[in-house]
Structures are given as structure tokens and as C-alpha cells.
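Here the structure is laid out as C-alpha cells; the discussion comes afterwards.
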Amino acid sequence: MLNLSKAPLIDAQKIAKRIGELGKQIGGEYDFDIIVGAMTGSFIFVADLCRAMPRKKTQVKFIKASSYGDSTESSHKVKVSGLDNAKIEGARLLLVDDILDTGHTMQALVKELSAMGAKEIRTCVFLDKPERREVPIKADYVGFEIPNAFVVGYGLDFADEYRTFPDVWTLEEKQ
Ligand code: IMP
Ligand code: MG
234 MLNLSKAPLI
244 DAQKIAKRIG
254 ELGKQIGGEY
264 DFDIIVGAMT
274 GSFIFVADLC
284 RAMPRKKTQV
294 KFIKASSYGD
304 STESSHKVKV
314 SGLDNAKIEG
324 ARLLLVDDIL
334 DTGHTMQALV
344 KELSAMGAKE
354 IRTCVFLDKP
364 ERREVPIKAD
374 YVGFEIPNAF
384 VVGYGLDFAD
394 EYRTFPDVWT
404 LEEKQ
């Protein structure tokens, strides 16, 4: 059985401070047209991050990445939906996801958005688990690097639950 850790791995205050820094950094060095958030996990991060950036005419769009294929042997095929080419062509994007784990999702999203004609794509993730990487991809902007554990809260889910928690918790096997 899985249980929440006794205390949050990252509390809400620490998250708010880090997002303030990140917003300032990105806003100060990257002039982009559209924030593209990956549903559903990035919804809280996108909401906080965009309000930590300078007031500009930035657009916000959400994209859906879903895994498909043979679930028994984790095929890592990612289907991307939710955007049409016209809006992306020639645009500079900030692609935002909740967590960079094996890297397959982010790799597929970058590939798809490039194929749609994006002019520039920079990636931003709330959390990064570098130990888990299976493809050579690095995010341009990272909120927090975390160890190899399964985490929930602040948009991240387990079976679609826990997303609404304002802080990040570890799910642990109960002894
Ligand atoms: P990747 O393709 O393996 O990098 O997986 C990225 C996706 O897996 C994320 O967008 C999350 O939806 C999910 N994921 C990976 N690790 C975690 C975790 O620790 N908690 C919740 N979701 C996770
Ligand atoms: Mg996700």
C-alpha cells in the first residue's frame, strides 16, 4: 500500500520563493510568444509561473501528451494533441511540464512542436529527476532537482489524485 510521506518534500513557501526566482530569470532572458503547458500535471505550475513573469502579451495554451501502445512493455510512444499548426508556426515557445522523468514525454513534445514550425522552443519543468533519464534531454529551466522517488501534489498525481495539494509529497510503500 502507498502512503504519503510524514512531511512534504517541498513545502508551499519554498515553492513560491523558487517560482518567483524562476519567473524573474525566464522573463529577463527569454522573449517568447506562447507558454505551452502539458496537461494535466503542469496546470498549477503554469498558473503560478506566468504570474511571476513580467506583464507581456504572452499567450497560454495547453497540450495533451498521452502514452499509448503496448502497456506491458512500456513502449514510450507519446501521442500529442490539443494544438493546431497555424498558431505554432513561427512562434517562440516556453514549453512547460510538471516533471522530467525518463524524458520521453518532453522529447516527443519538442519534436511535435518543432514539426509544427515553432521558431524557438525552450523547456521548463517544475521538477527534474535526472537519475531516471532514458533519453538525452535537459530542460532549460528547472524548479527543483529531486531524487528518484514518486512524488505527488502541486499538480502531480497518482491515479489522478493528490493534484490539489499545495506542496510536494513523496508516496512511499507502507512497511
Ligand atoms: P517521462 O516521459 O518519463 O519523462 O514522464 C513524464 C510524465 O510522467 C510526467 O509528465 C508525469 O505525468 C509523469 N511522472 C513521472 N514521474 C512522476 C512522479 O514522480 N509523480 C507523478 N507523475 C510523474
Ligand atoms: Mg504529466
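Using my numbering, read the sequence shown as starting at 234 and increasing by one per residue.
C-beta: ideal position from N, C-alpha, C; glycine also.
Note that this is a predicted model, so its numbers are computed, not measured.
For this session: Taking only the alpha-carbon atoms, compute the straight-line gap between E306 and K289 and give it to the nearest angstrom.
Result: Locating residue 306 in the sequence shown gives position 73, where the first residue counts as 1. Locating residue 289 in the sequence shown gives position 56, where the first residue counts as 1. The predicted position of E306 is uncertain, since its pLDDT is 47 and thus under 50; a value taken from the coordinates is nonetheless stated next. About 44 angstroms.
Problem set entry | Any non-hydrogen atom of the ligand IMP closer than 7 angstroms to T335 Cβ | As a working mapping, residue 335 is identified with position 102 in the sequence shown. Distances between the C-beta of T335 and the heavy atoms of the ligand IMP include at least one below 7 angstroms.
For this session: Indicate, with yes or no, if the ligand COA has a heavy atom lying under 7 angstroms from the CB of G270.
Result: The ligand COA is not part of the structure shown, which contains the ligand IMP and the ligand MG as its ligands.
Problem set entry | Assigned exposure category for K362 - 16 Cβ within 10 Å defines buried | Walking along the sequence shown from the start, residue 362 turns up at place 129. By the Cβ neighbour-count rule, K362 is buried, with 16 or more other Cβ atoms within 10 Å of its own.
Exercise. For G315, is the classification buried or exposed, using 16 other Cβ atoms within 10 angstroms of its Cβ as the cut-off for buried?
Worked result: Counted from its first residue, the sequence shown places residue 315 at position 82. For G315, the number of other beta carbons within 10 angstroms of its own is below 16, and it is reported as exposed.
For this session: Could you pull out every residue in the same chain whose Cβ sits closer than 7 angstroms to the Cβ of N318, ignoring the five residues on either side in sequence?
Result: Indexing the sequence shown from 1 puts residue 318 at position 85. Counting only Cβ-Cβ distances below 7 angstroms, and skipping sequence neighbours, we find M349, G350.
Exercise. If you drop the 5 nearest sequence neighbours on each side, which residues of the same chain put their C-beta closer than 7 angstroms to that of A245?
Worked result: If you number the sequence shown from 1, residue 245 lands on position 12. Taken in chain order, the residues that qualify are P399, D400.
Exercise. Residues in its own chain within less than 6 angstroms of P287 by CB, not counting five upstream and five downstream?
Worked result: As a working mapping, residue 287 is identified with position 54 in the sequence shown. Residues G260 of the same chain have their beta carbon placed closer than 6 angstroms to that of P287, with the five preceding and five following residues left out of the count.
Problem set entry | Closest by C-alpha distance to T338, when choosing among I268, E322, K297 | Position 105 of the sequence shown, counting from 1, holds the residue named residue 338. Relative to T338, the option among I268, E322, K297 whose CA is nearest is K297.
Problem set entry | Bridge-paired residues (DSSP) for S238 | Locating residue 238 in the sequence shown gives position 5, counting from the first residue. None, per the DSSP bridge assignment.
Exercise. Can you tell me whether A372 is buried or exposed, with buried defined as 16 or more other CB within 10 angstroms of its CB?
Worked result: Within the sequence shown, numbered from 1, the residue matching residue 372 stands at position 139. Flag for A372 reads buried.
Exercise. Who are the near neighbours of L255 in its chain, counting only those whose CB is closer than 8 angstroms to its CB and skipping five residues on each side?
Worked result: Locating residue 255 in the sequence shown gives position 22, counting from the first residue. Correct list, in chain order: L282, A285, C357, Y374, G376.
Problem set entry | the ligand IMP heavy atom lying under 7 angstroms from the CB of T356 | Here the question's residue 356 lines up with position 123 in the sequence shown. T356 Cβ: outside cutoff for every heavy atom of the ligand IMP.
For this session: Look up G270 in the DSSP assignment and say whether it is helix, strand or coil.
Result: Locating residue 270 in the sequence shown gives position 37, counting from the first residue. Correct three-state label for G270: strand.
Problem set entry | Whole-Å CB distance - D330 paired with A271, under 8 angstroms assumed | Numbered from its first residue, the sequence shown carries residue 330 at position 97. Numbered from its first residue, the sequence shown carries residue 271 at position 38. The beta carbons of D330 and A271 sit about 4 angstroms from each other, so the pair counts as a contact at 8 angstroms.
Exercise. Is DSSP giving E306 helix, strand or coil here?
Worked result: For the purposes of this step, residue 306 is identified with residue 73 of the sequence shown, where counting begins at 1. For E306, the predicted model reports a pLDDT of 47, less than 50, meaning its position is unreliable; a value from the coordinates is still stated below. Note: E306 maps to helix in three-state DSSP.
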